[in-house]
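J.: Sharing a structure here in structure tokens format.
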Amino acid sequence: EPEVTQTPSHQVTQMGQEVILRCVPISNHLYFYWYRQILGQKVEFLVSFYNNEISEKSEIFDDQFSVERPDGSNFTLKIRSTKLEDSAMYFCASSDGTGEYNEQFFGPGTRLTVL
Amino acid sequence: SQKIEQNSEALNIQEGKTATLTCNYTNYSPAYLQWYRQDPGRGPVFLLLIRENEKEKRKERLKVTFDTTLKQSLFHITASQPADSATYLCALVKSGYSTLTFGKGTMLLVSP
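For the protein sequence lines, the chains are C and A, in the order given. Quick note: to get this note's numbering, add 38 to the position in the first sequence (first position is 1). Quick note: to get this note's numbering, add 5 to the position in the second sequence (first position is 1).
Following this line, the structure appears as structure tokens:
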């Protein structure tokens with residue numbers, strides 16, 4: 039069964055460093071998302087991406103964040119200058135945007151630890 | 006402000022019983038509501054979706070109800086099993102959008 043994959047599973051970085059989180063969505067999906075979950079908190083929406091551009095973003099997704107689909111398979115989230123409060127689990131999700139359910143398929147997540 | 010509230014305390018039930026989880030929302034007009042399951046350290050997994058004009062949806066041992074007047078959804082798992090132990094997340098979607106706004110989730114523990 040096709041699934042969303044994410045790398046790395048765990049990333050440790052120093053405050054102020056740049057990190058890139060990588061995702062490979064399901065191949066025929068057209069909508070891509072990033073969410074984050076701070077430990078013990080709810081899953082929060084960051085950004086959605088469709089047709090090679092951002093379709094929606096939350097207040098969390100400020101100038102420190104950017105997304106890119108550099109080729110036909112990868113979808114990346116870049117954090118330019120990490121802060122301690124960026125420590126969280128980051129989930130990539132994708133959907134095909136059609137069908138009755140329009141469900142989103144989530145990857146296993148990347149745990150980001152900022153020291 | 007918009008709020009989505011789920012039982013903050015864990016729900017403990019015995020195997021074979023029906024688990025009922027609640028999702029309440031305020032200052033929100035969702036087009037539809039989804040329920041996801043999340044296991045520790047894993048991403049959410051989609052379970053069921055119910056639209057604003059639907060009252061009830063079923064899928065195997067799962068049932069979801071949606072009352073837009075009460076602004077509440079109930080999620081039922083019948084004949085619960087220890088393997089059903091997980092955190093269950095309620096997520097709302099506004100009309101015209103596809104992004105999910107999640108509640109904090111309710112942890113369900115099913116003991117044998």
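Backbone N, C-alpha and C define an ideal beta-carbon position, used for all residues, glycine too. Computed from a prediction, not measured in an experiment: that's the story for all the values here.
(1) Assuming V50 of chain C contacts C130 of chain C (C-beta within less than 8 Å), just tell me the rounded distance between them.
(2) Could you run through the stretch 54-69 of chain C and flag, in chain order, every residue whose CB is less than 9 Å away from some CB of chain A?
(3) Could you round the C-beta distance between Y69 of chain C and S111 of chain C to whole angstroms and report it? I think they count as a contact, below 8 Å.
(4) Using the Cα positions of F99 of chain C and F143 of chain C, report the straight-line distance between them to the nearest angstrom.
(5) Note down, in chain order, every chain C residue with its Cβ under 9 Å from the Cβ of G110 of chain A.
(6) Under 7 Å, CB to CB, which of the residues in the stretch 94-116 of chain C have a partner in chain A?
(7) How about the stretch 67-85 of chain A and the stretch 63-78 of chain C: do they share at least three Cβ pairs that are nearer than 8 Å?
(8) Spell out the partners DSSP gives G49 of chain C in its beta bridges.
(9) Counting pairs of beta carbons, one from the stretch 52-61 of chain C and one from the stretch 9-25 of chain A, are three or more of them closer than 8 Å?
(10) Which partner residues of F70 of chain C appear in the DSSP bridge assignment?
(11) By the three-class DSSP mapping on this structure, what secondary structure does D100 of chain C have?
(12) Check whether the Cβ atoms of G145 of chain C and Q44 of chain C lie closer than 8 Å to each other.
(13) Starting from G48 of chain A, find everything on chain C with Cβ-Cβ shorter than 7 Å and list it in chain order.
(14) Could you check how far apart the C-beta atoms of A15 of chain A and S100 of chain A are, in whole angstroms? I think they sit under 8 Å.
(15) Along the stretch 87-112 of chain A, where does the CB come closer than 9 Å to a CB of chain C? Name the residues.
(16) For T23 of chain A versus K76 of chain A, is the C-beta spacing smaller than 8 Å?
(17) Within 10 angstroms of its Cβ, does T106 of chain A collect 16 or more other Cβ (buried), or is it exposed?
(18) Can you find a C-beta in chain C that's less than 8 Å from the C-beta of L54 of chain A?
(19) F71 of chain A touches chain C at which residues, Cβ-Cβ below 9 Å?
(20) Counting only C-beta atoms, is E141 of chain C closer than 8 Å to chain A at any point?
T.: Walking through what the data contain:
(1) Taking C-beta atoms under 8 Å as the contact rule, V50 of chain C and C130 of chain C fail to qualify, at a distance of about 19 Å.
(2) Contacts with chain A (Cβ-Cβ distance below 9 Å) from the stretch 54-69 of chain C involve Y69, listed in chain order.
(3) Taking a contact as a CB-CB distance under 8 Å, the pair Y69 of chain C and S111 of chain C does not count as one, their CB atoms being some 15 Å apart.
(4) The C-alpha of F143 of chain C is placed about 21 Å away from the C-alpha of F99 of chain C.
(5) Among the residues of chain C, those whose CB is under 9 Å from the CB of G110 of chain A are K80 and V81, following chain order.
(6) Hits within the stretch, in order: E94.
(7) Contact check between the stretch 67-85 of chain A and the stretch 63-78 of chain C: fewer than three CB pairs, one atom from each, fall below 8 Å, which does not count as touching.
(8) Checking the sequence shown, residue 49 of chain C turns out to be Gln, not Gly. For Q49 of chain C, which the question treats as bridged, DSSP gives the partners C:L150.
(9) Because the criterion of three Cβ pairs below 8 Å is not met, the stretch 52-61 of chain C and the stretch 9-25 of chain A do not touch.
(10) Looking at the DSSP assignment, F70 of chain C forms a beta bridge with C:F87 and C:S132.
(11) Coil, per DSSP.
(12) Their beta carbons are under 8 Å apart, which means G145 of chain C touches Q44 of chain C by this criterion.
(13) Under a criterion of Cβ atoms nearer than 7 Å, the residues of chain C adjacent to G48 of chain A are, in order, F129, F144, G145, P146 and G147.
(14) At roughly 33 Å, the Cβ-Cβ gap does not stay under 8 Å, so A15 of chain A and S100 of chain A are not in contact.
(15) For the stretch 87-112 of chain A, which is checked against every Cβ of chain C, the residues closer than 9 Å are L94, A96, V98, Y102, S103, T104, L105, T106, F107, G108, K109 and G110.
(16) The Cβ-Cβ distance between T23 of chain A and K76 of chain A does not fall below 8 Å.
(17) Label assigned to T106 of chain A: buried.
(18) Yes, L54 of chain A counts as interfacial toward chain C.
(19) Those do not exist, as F71 of chain A stays about 15 Å from chain C at its closest Cβ, beyond 9 Å.
(20) E141 of chain C counts as touching chain A.
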